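According to UniProt numbering, the stretch in the sequence shown is residues 1 to 238, in order.
Every residue, glycine too, gets a C-beta built ideally from N, C-alpha and C.
Here the structure is a predicted model, which means the values were calculated and not measured.
For reference, the structure discussed in these notes is given below.
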Amino acid sequence: MSAVQLQQIRKTFAGADVLKGVDIEVDEHEFLVFVGPSGCGKSTLLRTIAGLERVDSGRVLIGGEDVTEVEPSERGVAMVFQSYALYPHMSVYENIAFGLRMLKLPQSEIDRRVNGAAQILQIGQLLERRPRALSGGQRQRVAIGRAIVREPKVFLFDEPLSNLDAALRVQMRLELIKLHKQLNATMIYVTHDQTEAMTMADRIVVLNHGSVEQIGSPLELYRRPRNRFVAGFIGSPK
Ligand code: ADP
Ligand code: MG
1 MSAVQLQQIR
11 KTFAGADVLK
21 GVDIEVDEHE
31 FLVFVGPSGC
41 GKSTLLRTIA
51 GLERVDSGRV
61 LIGGEDVTEV
71 EPSERGVAMV
81 FQSYALYPHM
91 SVYENIAFGL
101 RMLKLPQSEI
111 DRRVNGAAQI
121 LQIGQLLERR
131 PRALSGGQRQ
141 RVAIGRAIVR
151 EPKVFLFDEP
161 LSNLDAALRV
171 QMRLELIKLH
181 KQLNATMIYV
191 THDQTEAMTM
201 ADRIVVLNHG
211 SVEQIGSPLE
221 LYRRPRNRFV
231 AGFIGSPK
C-alpha cells in the first residue's frame, strides 16, 4: 500500500492556478523529494498533505485512508519548517515535549520520547538550554526532534536546511539520510537545491508551475530527462 496518495490535487490562490491536477504516489518508507524552482508550488503541495492547506479539488490519502477533510493533528504526519519556529522562552526539552503535552501523554511517556529523540539527534546535553543559546544546526535538530517524538507515519520537510551554512548543510544531509534509515519512516522533503535532491532522494518529483514534469530515481532523471526543463534543472548545478 502507498504511504501517501495525491489524486488530481488542484489549488488556486486569488485566481492563479498554483497546483494544476497533481498525481503522486509515495511508497512506504520512501524518501521522496519535491524539487523545482521557487514559486512552483512545492510548499503548497506539502501543506496540502499536512492539511494546512485545503484543496479546491482532488483527494489526499494517507495509509490508504482518505484524509482530505481530516484535521492536521489527526493525519499522522509531522512537518519540519525552514524557520525552526521554536518557543524562545522554553527549554529545548519543553520545545520538543510541547506537542506531546497537548496530547496529554503521561510524563513518563513524554520523558521516554524526548530522551529517545535527543539521543538520536545527539542533543541530550542541550535539553536545559534556551533556543537562543543554540547554533543554527542545533536549533534545526530541536525542530526535527519535535517531529520525531510525535512518532508520525510520514515526515514532511520544507527546505529544512536552507538557513544553514554550506558545510553544515552537507553534514545535516547525511544525518537526515541516516535518520530515515533508522526510523524507517516515509519522508517527503521539499527543496529547490538540485544537489540535495540528487543525493538524498529515493525518487525525485520535478515540479514546474504547479504540475509534475517527471517522477523517477535520481539516476533515471539524470540519464533520461523527459524534457528540456528536467534536463536543465537536474543537469545544471547553481
Ligand atoms: P514554492 O514553495 O515552490 O516556492 P509555494 O507553494 O510557496 O512555492 O507558492 C506557489 C505559488 O502560490 C506562488 O506564486 C505563491 O506566491 C502562491 N501562494 C502561496 N501561498 C499563498 C497564499 N497563502 N496566498 C496567495 N498566494 C499564495
Ligand atoms: Mg516553498
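- Under DSSP, Asp27 forms a beta bridge with Ser2.
- Your pair Ala85 and Ala143 checks out as a contact, with CB atoms roughly 7 Å apart and the cut at 8 Å.
- The shortest CA-to-CA distance from Ala14 to any of Phe233, Phe31, Asp56 is the one to Asp56.
- Listed as beta-bridge partners of Thr191 by DSSP are Val35.
- If you look at Gly116, you'll find it in the alpha helix (DSSP H) that goes 107–121.
- Within the segment 150–188, the complete beta strand (DSSP E) runs of at least 3 residues fall at 154–158.
- In this structure Ala166 is not in contact with Val35, their Cβ atoms being roughly 18 Å apart against a cut-off of 8 Å.
- Three or more Cβ pairs closer than 8 Å define a contact, and the segment 124–141 meets that threshold against the segment 81–97.
- Proximity of the beta carbon of Ser43 to the ligand MG is indicated: a heavy atom of the ligand is located closer than 8 Å.
- At the C-beta level, Gly51 and Val67 come within 9 Å of one another.
- Assignment of Ala16 by DSSP, reduced to helix, strand and coil, places it in the strand class.
- By the 16-neighbour rule on beta-carbons within 10 angstroms, Leu19 is buried.
- Comparing alpha carbon positions, the residue from Leu219, Ser211, Arg224, Asn227 closest to Asp17 is Ser211.
- Taking C-alpha positions only, Gln214 is separated from Gly63 by approximately 23 Å.
- Runs of the beta strand (DSSP E) lying entirely within the segment 193–234 and spanning at least 3 residues, in chain order: 203–208, 211–216.
- Distance from the C-beta of Ala3 to the nearest heavy atom of the ligand ADP is not below 8 Å.
- A contact is defined here as three or more CB-CB pairs under 8 Å, and the segment 172–190 meets this definition with respect to the segment 146–161.
- The beta carbons of Gly136 and Leu121 sit no closer together than 9 Å.
- For Met1, the CB contacts under 8 Å within the same chain, skipping 5 residues up- and downstream, are Glu28, Gly63, Gly64 in chain order.
- According to DSSP, Gln7 shares a beta bridge with Arg59.
- Measuring C-alpha to C-alpha distances from Ala97 to each of Lys42, Gln138, Gly58, Ala147 identifies Ala147 as the nearest.
- Relative to Pro218, the option among Val22, Leu103, Gln8, Gly235 whose CA is nearest is Gly235.
- In this structure, Val80 sits away from Gly58, with a CB-CB distance that is not shorter than 9 Å.
- With fewer than 16 other beta carbons inside 10 angstroms of its own, Gln8 counts as exposed.
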